[in-house]
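Visitor: Using the numbering used here, the letters of the sequence shown correspond one by one to residues -11 to 379. Glycine residues also receive a C-beta, built at the ideal position from the N, C-alpha and C atoms. Treat the numbers as computed from the prediction; the structure is a model and nothing was measured.
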Amino acid sequence: MPNIQTKKLDYKVFPLSQDGYTFHYIADSKKINEKLIYTTFEDKSFFLKIIERENDYLIKYDKLTRVSPIKIIKDALKAFQTLHNLELTFSNIESKKETQHLEKSDAYLKKISYFAHDFHTDKEIWVEVGFGSGRHLLHQALANPDIQFIGLEIHGPSIEQVIKQCKIQNINNLLLAAFDARIFLEFLSSNSVGKLFVHFPVPWDKKPHRRVISPAFIDESTRVLKQDGTLELRTDSENYYAYSYETFMSLTQCDLQIRKNQEIVISSKYEDRWKRQEKNIYDITLTNQEISQEKEKITKLTFSQQPSFKEVKAKFTPHVFKGDDYFVHFERLYEIDENSGIIKLSFGAFEKCEHKYLIFNDNKIQYFPYEALPIKQNLKSHKKIEEFLYA
Ligand SMILES: C[S@@+](CC[C@H](N)C(=O)[O-])C[C@H]1O[C@@H](n2cnc3c(N)ncnc32)[C@H](O)[C@@H]1O
């Protein structure tokens, strides 16, 4: 990742601009010899990070706020070098051929904030969790043009492969999210989904808490499913089947259908492999019987009052707060000046937490690089953060 190193660095007084980049301020975490430089270029904003080591300075990109393409960060480092007249002892910022990152604003692959705030459809929705090679998802999307499909997957190469296929086959009723399915359903309206497919989920025999199927997932599934909508679990793992059966059975009321070695419309890569090995395949289909209440939308997680940074600084120590299904880790504090600064923190659901900076500046306090997602564990964390700030 882009970085430069130098033996000598005399900081200029910011704000300063060079080659289209503006360096606004330096925030200093005195305890660990680390500084953040708030940098903007066109409509992008991010931090450069300076680590003051025993014999030299390492100046590099900041993982939490990194922007793409990476060339923007390399050129920011170059502009910083020019401004400070740095003699470098190491540099890897000379651009060779730039590789482009998966562009998250792709017509098929939507940012998670799109699903959290802007997604709307009048069509019935069908969702596939962990679509892998996408054989089943693509087949269903082509066969059901009146349905809006959403595919969820956390494996980048599988997502790229399916985007390619969507383009080749000109599919226009499918959106993808590179996001953990255990949280995603929170963004969907109640009674909007006709079918939820969970085909051959990772069994996680040694870490069952990472399984997609859980009481919380089933709760959210029954909320988003229409009346008579179905959740279809298909697995070759006897363990996963037994665990899921038990989890479904713990519901006070449910309509389950169990089948063994049933053919379905299309066989996935995994399924072909298991069939060749003559393994049994189990289906559990849950049919939702209820009409659920509309979910209260969590509004944006913003701060109503501006606490004094001086007071926050006086009481700040790194610490962790653990709630029932959420946590807040106050990690580090940086000072910009007496009245402004930054707190680095992580918070939210244990299985999908947020890493953010909280910037206190210009009489405002806000999450950076962007707001936390409006899900219930984040809301609980946000309240805890406010409690700490305003206490
Ligand atoms: C065993 S593969 C099955 C793929 C496909 N459904 C099939 O039948 O061929 C499981 C897939 O689920 C994805 N996955 C695992 N956990 C996930 C999660 N929490 N959210 C979304 N996808 C997940 C994995 O990346 C993997 O591609």
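1. Taking one C-beta from the region 213 to 224 and one from the region 268 to 285 each time, how about it: are there three or more such pairs within less than 8 angstroms?
2. In this structure, how does DSSP classify Lys372 when only helix, strand and coil are distinguished?
3. Can you name the start and end residues of the beta strand (DSSP E) that Gln6 belongs to?
4. Would you mind stating whether Leu173 and Glu141 have Cβ atoms separated by less than 7 angstroms?
5. Here's a check: name, in chain order, each residue in its chain whose Cβ is nearer than 8 angstroms to the Cβ of Leu71, leaving out the five neighbours to either side.
6. Whose CA, out of Leu74, Lys62, Arg211, lies closest to the CA of Asn80?
7. From Pro362 to Ala104, what does the alpha carbon distance come to, in whole angstroms?
8. Could you tell me whether any non-hydrogen atom of ligand 1 is closer than 6 angstroms to the CB of Phe188?
9. Put Tyr96 into one of helix, strand or coil per three-state DSSP.
10. Tell me whether Trp114 sits in a helix, a strand or coil according to DSSP, three-state version.
11. Check the C-beta distance from Val117 over to Ala169 and give it rounded, since I have them as a contact under 8 angstroms.
12. Just to confirm, does Lys194 get its C-beta within under 6 angstroms of one of the non-hydrogen atoms of ligand 1?
13. Return the CA-CA distance between Ile33 and Glu259, expressed in angstroms with no decimal places.
14. May I have the straight-line CA-CA distance separating Ala67 from Thr53, to the nearest angstrom?
15. So is the beta-carbon of Val115 under 6 angstroms away from any non-hydrogen atom of ligand 1?
16. What residue range is occupied by the uninterrupted beta strand (DSSP E) comprising Ser328?
17. Does the region 106 to 116 come close enough to the region 180 to 199 that 3 or more CB-CB pairs lie under 8 angstroms?
18. Return helix, strand or coil for Ile269, following the three-state DSSP convention.
19. Let me know the secondary structure DSSP gives Ile324 once reduced to three states.
20. At a threshold of 6 angstroms, does Asp168 count as lining ligand 1 (C-beta to nearest heavy atom)?
21. For the putative contact between Val300 and Leu244, defined by C-beta atoms under 8 angstroms, what is the C-beta separation to the nearest angstrom?
22. Can you give me the Cβ contacts of Gln128 inside the same chain, cut-off strictly under 6 angstroms, excluding the 5 residues immediately before and after it?
23. Return the CA-CA distance between Tyr231 and Leu239, expressed in angstroms with no decimal places.
24. Going straight from the alpha carbon of Asp50 to that of Val190, what length do you get?
25. For Ile373, is the classification buried or exposed, using 16 other Cβ atoms within 10 angstroms of its Cβ as the cut-off for buried?
26. Would you identify the three-state DSSP class for Tyr28, choosing helix, strand or coil?
Guide: Taking the coordinates as given:
1. Yes, the region 213 to 224 touches the region 268 to 285.
2. The three-state reading of DSSP puts Lys372 in helix, counting H, G and I together.
3. Bounds of the beta strand (DSSP E) holding Gln6 are 4 to 6.
4. No, these two residues do not count as a Cβ contact at 7 angstroms.
5. Excluding residues within five positions, the ones whose Cβ falls inside 8 angstroms are Lys0, Leu4, Gln6, Phe11.
6. For the residues Leu74, Lys62, Arg211, the minimum Cα distance to Asn80 belongs to Lys62.
7. So the alpha carbons of these two residues sit roughly 7 angstroms apart.
8. A distance criterion of 6 angstroms places the beta-carbon of Phe188 in contact range of ligand 1, judged by its closest non-hydrogen atom.
9. When secondary structure is reduced to three states using DSSP, Tyr96 falls in the coil class, being assigned neither helix nor strand.
10. Three-state DSSP puts Trp114 in a strand.
11. Sure, about 4 angstroms apart at Cβ, within 8 angstroms.
12. No, ligand 1 has no heavy atom inside 6 angstroms of this Cβ.
13. One detail in the question is off: residue 33 reads as Ser in this sequence, not Ile. When rounded, the distance between both Cα atoms is 45 angstroms.
14. Just so you know, the alpha carbons of Ala67 and Thr53 end up roughly 18 angstroms apart.
15. No, the beta carbon of Val115 sits no closer than 6 angstroms to any heavy atom of ligand 1.
16. Per DSSP, Ser328 is one residue of the beta strand (DSSP E) stretching across 328 to 337.
17. For the pair of segments examined, the region 180 to 199 was found to touch the region 106 to 116: the number of CB pairs separated by less than 8 angstroms reaches three.
18. In the three-state scheme derived from DSSP, where H, G and I count as helix and E and B as strand, Ile269 is classed as coil.
19. Secondary structure of Ile324 (DSSP, three-state): strand.
20. Yes, Cβ of Asp168 sits closer than 6 angstroms to a heavy atom of ligand 1.
21. Between Val300 and Leu244, the beta carbon gap of about 52 angstroms keeps them out of contact (Cβ cut-off 8 angstroms).
22. Once the five neighbours on either side are set aside, Gln128 has no close Cβ partner at all.
23. Rounded to the nearest angstrom, the two C-alpha atoms are 13 angstroms apart.
24. Cα to Cα, the separation comes out at about 32 angstroms.
25. Ile373 is buried by the Cβ-count criterion.
26. In the sequence under discussion, the amino acid at residue 28 is Thr, which differs from the Tyr named in the question. Here Thr28 sits in strand by DSSP.
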